[in-house]
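In the working numbering, the protein residues as written are 1163 to 1530. Using N, Cα and C, we set each Cβ at its ideal position, and we do this for glycine too. Note that the structure is predicted; figures quoted are calculated from it, not measured. Data first, discussion second: the structure below is written as structure tokens.
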Ligand SMILES: NC(=O)c1ccc[n+]([C@@H]2O[C@H](COP(=O)([O-])OP(=O)(O)OC[C@H]3O[C@@H](n4cnc5c(N)ncnc54)[C@H](O)[C@@H]3O)[C@@H](O)[C@H]2O)c1
């Protein structure tokens, strides 16, 4: 019987160093009988040689369009914009199922080429939970960015360009250094603390030296009394990690910040959830997403009041490409091992059903 095959394509999105398959997971797939092709990619955090060493076959950068159409292509982020028909089966985040800009034309490319999309964002287990997500490292990197922003703010400066770290230890060391050796003494509130992002945020805070009692961990039980919450104004950093499902009273407002006046302790808000333009955003004190080159946006405060800024970067795990890829890829692995049985394996049949549903809607939108 022919071996099941997978083709790891390069990522073309700027700053994206993560990978859907790592040398570790590629080796496990090879051990299970897969043949793995890997496009050479200098942007990827893992060296081509690391894949070669575990038995992957290296192929040219961005050569997947010429791969045989029966070889499934796996990647992480969106493909570059184009009108070229898509003939292959693609496993990736396509960001076209929630009516995002250009959603129907992306799906129409699959229709024209006869390809299939299995969107990683919609691979769920039997309980409806994502089989793999990047939350933990988003929270970890978000809390780190918040601490760096606070350190800069205390020196009267604005946090500058952020670049991906080679590993978690390097990030922790950098944050500790910026804070003068340790984060001990800082008080931080994490809301959504029981979730993936929240757990990552708390772990970073422990690793930079905060006392456990100085990490206020709130989740749904603590916020059900309804905000705004004075407790947030009384910490140095607030990290929001909730999964916003419905309208919820604001956690803090411009008004409560103003009322707190000169006595406010809160200096930095990290909105990991990044529901920036959502009408139910529980942090209605800013309205733009920040970036690696400009990680913070100032919040307007009255003259003489302490400064305050918001971090609202929506691709935080990119700051820790190695660990974020390892964790995501190993969570995805059990499903990938089932991919050759995708006509019967529930995780894949559900994803294909959703694709067909969205494709139908897209064709209607495109007037076909
Ligand atoms: N900025 C980024 O780079 C980035 C990366 C990954 C995920 N995210 C976003 O982070 C958010 C959280 O993702 P996750 O994977 O951690 O979700 P999750 O489901 O694992 O955890 C969310 C937590 O929020 C809690 N929660 C929900 N509503 C709440 C409320 N009103 N008050 C208090 N707690 C509440 C839940 O009980 C849960 O514990 C999502 O919106 C996700 O899209 C952002």
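Query: Selected residue, minimal CA-CA separation from residue 1303, among 1526, 1420, 1432; Result: 1432
Query: Per-residue burial, residue 1329 [other beta carbons within 10 Å of its own, 16 or more giving buried]; Result: exposed
Query: Among 1367, 1445, 1239, 1419, the one whose alpha carbon lies nearest that of residue 1283; Result: 1239
Query: Neighbourhood of residue 1215 by C-beta distance below 8 Å, restricted to the same chain and skipping five residues each side; Result: 1185
Query: Whether residue 1362 touches residue 1354 by CB criterion (7 Å); Result: no
Query: Collapsed DSSP secondary structure at residue 1299 in the structure displayed; Result: helix
Query: Cβ neighbours of residue 1175 in the same chain (closer than 6 Å, five flanking residues each side left out); Result: 1239
Query: C-alpha distance - residue 1234 paired with residue 1308, whole-angstrom precision; Result: 39 Å
Query: Cβ shell of residue 1256 (< 7 Å), same chain only, five flanking positions each side left out; Result: 1240, 1268, 1279, 1281
Query: Closer than 6 Å: residue 1358 CB and nearest ligand 1 heavy atom; Result: yes
Query: Integer-rounded CB distance, given that residue 1397 should sit under 8 Å from residue 1367; Result: With a Cβ gap of about 11 Å, residue 1367 and residue 1397 do not count as contacting.
Query: Under the three-state DSSP convention, the category residue 1402 falls into; Result: strand
Query: Among 1272, 1250, 1249, the one whose alpha carbon lies nearest that of residue 1258; Result: 1272
Query: Distance cut-off 6 Å: residue 1434 Cβ against heavy atoms of ligand 1; Result: yes
Query: Three-state secondary structure (DSSP) of residue 1463; Result: coil
Query: Opening and closing residue of the alpha helix (DSSP H) in which residue 1536 lies; Result: No answer is possible for residue 1536: the residues shown for the chain start at 1163 and end at 1530.
Query: Identified DSSP bridge partners for residue 1292; Result: 1286
Query: The stretch 1498 to 1512 touching the stretch 1312 to 1324, judged by at least three CB pairs closer than 8 Å; Result: no
Query: Where residue 1190 falls: helix, strand or coil (DSSP); Result: helix
Query: Ordered list of beta strand (DSSP E) runs contained in the stretch 1292 to 1357, each at least 3 residues; Result: 1350 to 1353
Query: Cut-off 6 Å between Cβ atoms - residues of its own chain near residue 1212, not counting five sequence neighbours on either side; Result: 1185
Query: Within 7 Å, strictly: CB atoms of residue 1434 and residue 1301; Result: yes
Query: Residue 1354 beta carbon near ligand 1 (any heavy atom closer than 6 Å); Result: yes
Query: Straight-line gap, residue 1500 to residue 1395 (C-alpha atoms, nearest Å); Result: 48 Å
Query: Simplified DSSP state of residue 1168, which is helix, strand or coil; Result: strand
Query: Any 3 or more C-beta pairs closer than 8 Å across the stretch 1332 to 1340 and the stretch 1380 to 1388; Result: no
Query: Terminal residues of the beta strand (DSSP E) in which residue 1418 lies; Result: Counting along the chain, residue 1418 falls outside any beta strand (DSSP E), though it belongs to the alpha helix (DSSP H) covering 1416 to 1422.
Query: Strand pairing of residue 1128, partner residues [DSSP]; Result: The first residue shown for the chain is 1163 and the last is 1530, placing residue 1128 beyond what the model contains.
Query: Endpoints, alpha helix (DSSP H) assigned at residue 1213; Result: 1210 to 1215
Query: Beta-carbon gap between residue 1430 and residue 1452 smaller than 7 Å; Result: no
Query: Nonlocal neighbours in the same chain, by C-beta distance under 7 Å from residue 1248, ignoring five residues either side; Result: 1271, 1272, 1275, 1277
Query: Opening and closing residue of the alpha helix (DSSP H) in which residue 1485 lies; Result: 1483 to 1499
Query: Residue 1477: CB within 6 Å of a non-hydrogen atom of ligand 1; Result: yes
Query: Limits of the unbroken beta strand (DSSP E) element including residue 1245; Result: First-last for residue 1245: undefined, no H or E at that position.
Query: Residues near residue 1496 by beta carbon distance below 8 Å, same chain, minus five either side; Result: 1293
Query: Simplified DSSP state of residue 1437, which is helix, strand or coil; Result: coil
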